[in-house]
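Structure first, then comments.
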Amino acid sequence: VAPLITLTTDFGTADPYVAEMKGVLAQLGPADLRVFDLSHELPAFDVQAAALFLRAAVPRFPAQTVHVVVVDPGVGSERAPIVVWLKDQWLVGPDNRVFGYLYDGSERVYTVDPARAVQAPLSGTFHGRDLFAPVAARLAAGVPVTELAAPCEKYQHMVFPMVELTPDTLIGRVIHIDRFGNLITNITHSVLRGFLQDGSERSAQVFLGERQVHGLVHHYAEVKPGEALALIGSSQLLEVSIREGSAADKLGAQLGKTVRVQRG
Amino acid sequence: VAPLITLTTDFGTADPYVAEMKGVLAQLGPADLRVFDLSHELPAFDVQAAALFLRAAVPRFPAQTVHVVVVDPGVGSERAPIVVWLKDQWLVGPDNRVFGYLYDGSERVYTVDPARAVQAPLSGTFHGRDLFAPVAARLAAGVPVTELAAPCEKYQHMVFPMVELTPDTLIGRVIHIDRFGNLITNITHSVLRGFLQDGSERSAQVFLGERQVHGLVHHYAEVKPGEALALIGSSQLLEVSIREGSAADKLGAQLGKTVRVQRG
Amino acid sequence: VAPLITLTTDFGTADPYVAEMKGVLAQLGPADLRVFDLSHELPAFDVQAAALFLRAAVPRFPAQTVHVVVVDPGVGSERAPIVVWLKDQWLVGPDNRVFGYLYDGSERVYTVDPARAVQAPLSGTFHGRDLFAPVAARLAAGVPVTELAAPCEKYQHMVFPMVELTPDTLIGRVIHIDRFGNLITNITHSVLRGFLQDGSERSAQVFLGERQVHGLVHHYAEVKPGEALALIGSSQLLEVSIREGSAADKLGAQLGKTVRVQRG
Chain Z
23 VAPLITLTTD
33 FGTADPYVAE
43 MKGVLAQLGP
53 ADLRVFDLSH
63 ELPAFDVQAA
73 ALFLRAAVPR
83 FPAQTVHVVV
93 VDPGVGSERA
103 PIVVWLKDQW
113 LVGPDNRVFG
123 YLYDGSERVY
133 TVDPARAVQA
143 PLSGTFHGRD
153 LFAPVAARLA
163 AGVPVTELAA
173 PCEKYQHMVF
183 PMVELTPDTL
193 IGRVIHIDRF
203 GNLITNITHS
213 VLRGFLQDGS
223 ERSAQVFLGE
233 RQVHGLVHHY
243 AEVKPGEALA
253 LIGSSQLLEV
263 SIREGSAADK
273 LGAQLGKTVR
283 VQRG
Chain W
23 VAPLITLTTD
33 FGTADPYVAE
43 MKGVLAQLGP
53 ADLRVFDLSH
63 ELPAFDVQAA
73 ALFLRAAVPR
83 FPAQTVHVVV
93 VDPGVGSERA
103 PIVVWLKDQW
113 LVGPDNRVFG
123 YLYDGSERVY
133 TVDPARAVQA
143 PLSGTFHGRD
153 LFAPVAARLA
163 AGVPVTELAA
173 PCEKYQHMVF
183 PMVELTPDTL
193 IGRVIHIDRF
203 GNLITNITHS
213 VLRGFLQDGS
223 ERSAQVFLGE
233 RQVHGLVHHY
243 AEVKPGEALA
253 LIGSSQLLEV
263 SIREGSAADK
273 LGAQLGKTVR
283 VQRG
Chain E
23 VAPLITLTTD
33 FGTADPYVAE
43 MKGVLAQLGP
53 ADLRVFDLSH
63 ELPAFDVQAA
73 ALFLRAAVPR
83 FPAQTVHVVV
93 VDPGVGSERA
103 PIVVWLKDQW
113 LVGPDNRVFG
123 YLYDGSERVY
133 TVDPARAVQA
143 PLSGTFHGRD
153 LFAPVAARLA
163 AGVPVTELAA
173 PCEKYQHMVF
183 PMVELTPDTL
193 IGRVIHIDRF
203 GNLITNITHS
213 VLRGFLQDGS
223 ERSAQVFLGE
233 RQVHGLVHHY
243 AEVKPGEALA
253 LIGSSQLLEV
263 SIREGSAADK
273 LGAQLGKTVR
283 VQRG
């Protein structure tokens, strides 16, 4: 299999930063290296948004993929550069919780030693190019991680934002709004199933703020165009949407808005 | 030749949807698969804009290319997932007319059978990841289409928007405005040639609304910077442009505006 | 090594132009061609911005890379299409100074002869697809440049914007503002070192307009969040930044704003 490195940043592409990283990957990587852009449009410095993005994307990739992630408000400070081995894939980036939603206890985390990992002097502002890309290129080329980094016991964790649970009600919040205006919440399918013990998802009632929406449904097509609905979205999170419309625009909802589920 | 899959969506890249599809392609595709992004910035749910995009892009690609297209307002409804074999290339996407401008009567259309095409249960909202990407990966790996889909006789068509023709006048409309503000019309080069039977394109008169512009010209440089002109653009459609400027901004034109051609 | 072509344009990706170029590259390029997007979000028609972008990105790439650049306000006019051989890499694009910041006297420049380089008739408006992409594909496939182009002695140059130097003061200007609001100046590290003859970068004083900022520092973390600082950025240019904030927003600076350095 041709080696594969993916790139996920908050750099945009109007500046040369992503291009410089690709040059380093081509320069130092294996001869048949493939590079896939995942995103360069993550919100600047937003570690939690990046963590949510990676939670959805990384598990889809095959073994041996090397993911380079640069959403790094702390570049040039004391935060460590790390490499993570998780479910047969490599993650490379800053130790700032960006990988936190992927950790499941099976991860093995290494602190990169710049003196061993790179030959050029390290810039103070662009570790993506000068540290993470060289490390990723070498991992993709089969260099053992122990030549670049040392095992590390202590690293940043991040807990998936928790819901509130009462005997009758499950309360979550909107944690992401996608391009289509879908309101994605922190209510996971497994939490929801636990709350609806009899499995009657169909009869659950869902409220965005005080407004009840249709659902849970399985498909947009179960409601009429323009109507609001709730379903389990593609990342196994409860979403509030409008069929063929933007729930964010039409329902005026923002990040942090409460979403409430009651048994039917 | 290394297998090639292209991606065309209205997903943007701030959300993880494109990344998830790339993961599935890498997971299920051939070992040396190449993935080219065509666009993720198509207007949301705009099937006609996507069809116009594909009309320009797809014919440039070599035989055996697999194009995955996800502009899909009807996901989760009854619209069928299809695979199309057209001029030695594969098209994979929803049967919602998005491929309509490419059809020329030689296409062979197949309806995907999810039960045969994918192993995982199909999500109700993300067929790009759960159905179209796996189908494309398998086609790129050489799996016969008949293992994934069944021939289908009835599918959605879309006619290229027609012009109005009188003995003296050809009337078209602006159907796309590009990033540079060029006004692209539904007047094809062949229709224009038919109208100007003596071949005197140089003496044709072109009007945007009531305003006459220079042309037809062959090159922007035939007029002065800032002047309006008409020419046959790179997609063989009549365009109204301003040299080194935006016709959309300077002439105030919008989608649907009439463009009129008269013989010289 | 699998051949590599990079693409840098001001096309955006909502229009089909980049996709059409990729189709041509796949059609005419070698069987295992890799294509890396560098940027399609350069400001429209801004040759200087593109030159600055390439100055940072191109040197990172390995020998034999073919860079196609289409920022081309003069398409269809008399400006020549060129191929440049520079430090073992190929540059393909219009002769409009876009490669000017890369030239160091070692470049060998060739004028493309469309009659030899391409078989199809050349469009008047889209040389990226009809001329530059075919030339790049053939160079990547190992076709000798002399089959496509002829050596050329006279081509467009561009001088990096100069600073003003007095005995006590070095005055530069903001020439680029990046996505994070960093203000990037025309003061190169080598010019700064020449000015600060004793090497005391640490004691230099830096002013944006009349406002003094911290620095020179080496890392953002040397100041508190929200404070303004100056450092040598990743492209070896003096930058004014705000730690964890946007200097462009908070300091109200625009392109052309003066940045002044005084010895400590």
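Residue numbers (this note's numbering), protein chains in the order written: chain Z, 23 to 286; chain W, 23 to 286; chain E, 23 to 286. Glycine included, C-beta positions come from ideal geometry on N, C-alpha and C.
I'd like to know if the segment 88-96 of chain W and the segment 114-122 of chain W are in contact, where contact means that at least 3 CB-CB pairs between them fall below 8 Å. yes
Would a C-beta distance cut-off of 8 Å place Arg201/W and Asp37/E closer than the cut-off? yes
Leu260/Z and Leu214/Z look like a contact to me (Cβ under 8 Å); what is the Cβ gap, rounded to whole Å? 6 Å
State the Cα-Cα distance for the pair Tyr39/Z and Val57/W, rounded to the nearest angstrom. 22 Å
Cβ of Ala172/E within 8 Å of Cβ of Ile27/E? no
For Asp200/E, list the residues DSSP reports as bridge partners. According to DSSP, which records beta bridges pairwise, Asp200/E is partnered with nothing at all.
Contact list for Ala73/Z against chain W, beta-carbon separation under 8 Å: Neighbours of Ala73/Z on chain W: none; closest Cβ ~11 Å, over 8 Å.
Supposed contact pair Pro156/E and Val289/E - C-beta distance, whole angstroms, cut 8 Å: Outside the modelled stretch of chain E, which goes from 23 to 286, sits residue 289/E, for which no answer is possible.
Neighbouring residues, chain E, relative to Ala36/Z (Cβ below 7 Å): Ser61, Glu63, Leu64, Arg201
Could you list which residues in chain B have their beta carbon closer than 9 Å to that of Arg151/E, in chain order? Absent from the structure: chain B. Protein chains present are Z, W and E.
Let me check understanding here. Comparing Cα to Cα, which of Thr280/E, Thr207/E, Ile254/E, Ala250/E lies closest to Leu273/E? Ala250/E
Here's the rule: buried if 16 or more other CB atoms are within 10 angstroms of the residue's CB, otherwise exposed. What is Pro247/E? exposed
Close Cβ partners of Lys310/E (< 8 Å) along its chain, the five nearest in sequence each way excluded: The structure shown does not extend to residue 310/E, since chain E is modelled only from 23 through 286, so no value can be given for it.
Output yes if chain E places a C-beta closer than 8 Å to the C-beta of Val92/Z; else output no. For Val92/Z, the answer is no, since every Cβ of chain E falls outside 8 Å of its Cβ.
So that I know if they touch, is there some Cβ in chain W lying closer than 8 Å to that of His241/Z? yes
Pro52/W beta carbon less than 8 Å from that of Gln49/E: Contact flag unset, no.
Have a look at Ser263/W and Leu60/Z and give me their C-alpha separation to the nearest angstrom. 35 Å
Just reading off the alpha helix (DSSP H) that Arg138/W is part of, what are its end residues? 136-139
For Phe33/Z, I'd like the list of residues in its chain whose CB is within less than 6 Å of its CB, leaving aside the five on either flank, ordered along the chain. Taking Phe33/Z as the centre and dropping the five residues before and after it, the same chain places the C-beta of Tyr39, Val40, His62 closer than 6 Å to its C-beta, in chain order.
Alpha-carbon spacing of Met184/E relative to Lys44/W, whole angstroms: 45 Å
Chain Z partners of Phe67/W, CB-CB under 9 Å? Phe202, Glu266
Any beta-carbon of chain W closer than 8 Å to the one on Phe217/E? Not closer than 8 Å to any Cβ of chain W, the Cβ of Phe217/E fails to qualify, so no.
Less than 8 Å between CB atoms is the rule here; does Val57/Z satisfy it with respect to chain E? yes
Give the straight-line distance between the Cα atoms of Ala24/E and Leu55/W, rounded to the nearest whole angstrom. Distance between the alpha carbons of Ala24/E and Leu55/W: 13 Å.
Hey, how far is the Cα of His240/E from the Cα of Ser257/Z? 41 Å
Neighbour-count burial assignment, Glu42/E, 16 or more Cβ in a 10 Å radius: buried
What does the alpha-carbon distance come out to for the pair Glu223/E and His149/Z? 22 Å
Delimiting residues of the alpha helix (DSSP H) encompassing Phe217/Z: In the DSSP assignment, Phe217/Z falls within the alpha helix (DSSP H) that extends over 211-217.
Inside the segment 227-257 of chain E only - beta strand (DSSP E) runs reaching at least 3 residues: 227-230, 233-239, 250-254
Can you say whether Arg130/Z is buried or exposed, counting buried as having 16 or more other CB atoms within 10 angstroms of its CB? Exposed: under 16 other Cβ atoms inside 10 Å.
Which residues does DSSP pair with His149/Z in a beta bridge? DSSP output for His149/Z lists no bridge partner at all.
Selection from Arg282/W, Ala269/W, Ile254/W, Thr35/W that minimises the alpha carbon distance to Thr147/E: Ile254/W
With a threshold of 8 Å between beta carbons, is Thr87/E in contact with chain Z? yes
Taking any Cβ of chain W, which residues in the segment 128-141 of chain E have a Cβ under 7 Å from it, in chain order? none
Alpha carbon of Thr210/W to alpha carbon of Glu266/E, nearest angstrom: 52 Å
For Ala142/E, which residues from the same chain have a beta carbon less than 8 Å from its beta carbon, with the 5 sequence-adjacent residues on both sides left out? Asp152
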